[in-house]
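Presented below is the structure to which this report refers.
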Amino acid sequence: QKYKVHIPGEKGVLGRLEDPSEEELEDSFLKYAGPVNASRAETNAYRLKGIPEKDDFLHVTCFRLSTDAVRAKAKEYGVSVTALLTAASGVNKAGIPTYKILADVSDLRLLFAPEHGLASAMQDGAFTKEDGALHPETGARLYDITALRGTDRLAELLGEVDIAVYDIQDVGARVYTYVCNLSQLMRAAKAAGKPVLVLDRPNPIGNRICEGLTLDESRFSSFVGEYAVPTRYGLTVGEYARYINAEKGIG
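So the number in this note's numbering is just where the residue sits in the sequence shown, counting from 1, plus 3.
This is how it looks when you write it as structure tokens:
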């Protein structure tokens with residue numbers, strides 16, 4: 004209405020003023036849960052590990068990765084040149100940004116900013132549009148990672164570094180665009196032959212429950228929902244990365 008543009012509610016577009024269809028209201032878990040014929044014995048099938056609890060839940064331990072652990076991992080791999088995808092939530096327990104920590108222990112060559120920008124101060128759907136500008140605090144080249152989607156440039160950039168690091172607090176919901184940027188980073192790192200280190204953080208809404216519809220990946224895969232997981236997927240961001248790496252064969 005604001006722009007006087009009418010988009011008909013058809014061909015997958017939902018009309019916000021129309022009553023929802025039966026398909027929209029159905030519980031996908033009730034529909035698809037139960038015995039299935041598909042085998043889960045494949046070697047690449049990802050399984051969460053944890054202590055079994057009642058009602059088929061698993062108690063999965065969440066944790067924080069300390070600054071010292073980051074330094075130790077960098078030393079273990081002999082890392083000197085690093086790329087980092089992060090935002091304002093990427094800080095240690097003292098509130099120091101991860102990019103400052105990595106700049107102290109490695110040659111932080113590339114910084115990638117997701118939606119809302121590196122400082123997470125921009126509106127929904129807003130991006131930095133940076134394309135190699137020098138970051139004033141670290142001297143790293145800053146890029147809008149979303150602008151690199153659908154191109155080979157991200158893989159080319161990662162060819163300059165030894166390792167790519169991801170540190171953004173997740174919210175545990177499929178529509179959070181940062182996990183789409185994570186899979187983008189993983190695919191580009193695979194193409195460049197570089198490892199990805201995900202600094203895992205607790206899932207703030209917990210790991211014990213999965214809820215919501217499972218995305219029809221063949222029809223509706225997008226920047227706000229890429230893979231066939233439920234709206235609330237019950238994983239930390241590190242577990243999510245391991246899951247899609249195994250299930251989607253990113254490698």
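The beta-carbon is built from N, C-alpha and C at its ideal position, and this holds for glycine as well.
Partner residues in a beta bridge of glycine 135, as assigned by DSSP, do not exist. C-alpha of isoleucine 253 to C-alpha of histidine 9: approximately 39 Å in a straight line. Counting only the Cα atoms, glutamate 21 lies some 52 Å from alanine 106. By alpha-carbon distance to threonine 89, the top candidate from Glu79, Lys76, Lys78, Ile104 is Ile104. The segment 203-214 and the segment 123-143 do not touch, with fewer than three beta-carbon pairs separated by less than 8 Å. Here tyrosine 246 carries a helix assignment [DSSP, helix/strand/coil]. Using a Cβ distance threshold of 8 Å, leucine 185 and alanine 86 do not count as a contacting pair. Taking each of Ser221, Glu26, Lys78 in turn and checking the Cα distance to isoleucine 166, the smallest one comes out for Lys78. Of the candidates Ala244, Lys193, Phe226, Leu216, Ala244 places its Cα closest to the Cα of tyrosine 169. By the neighbour-count definition (other C-beta atoms within 10 Å, threshold 16), aspartate 219 is an exposed residue.
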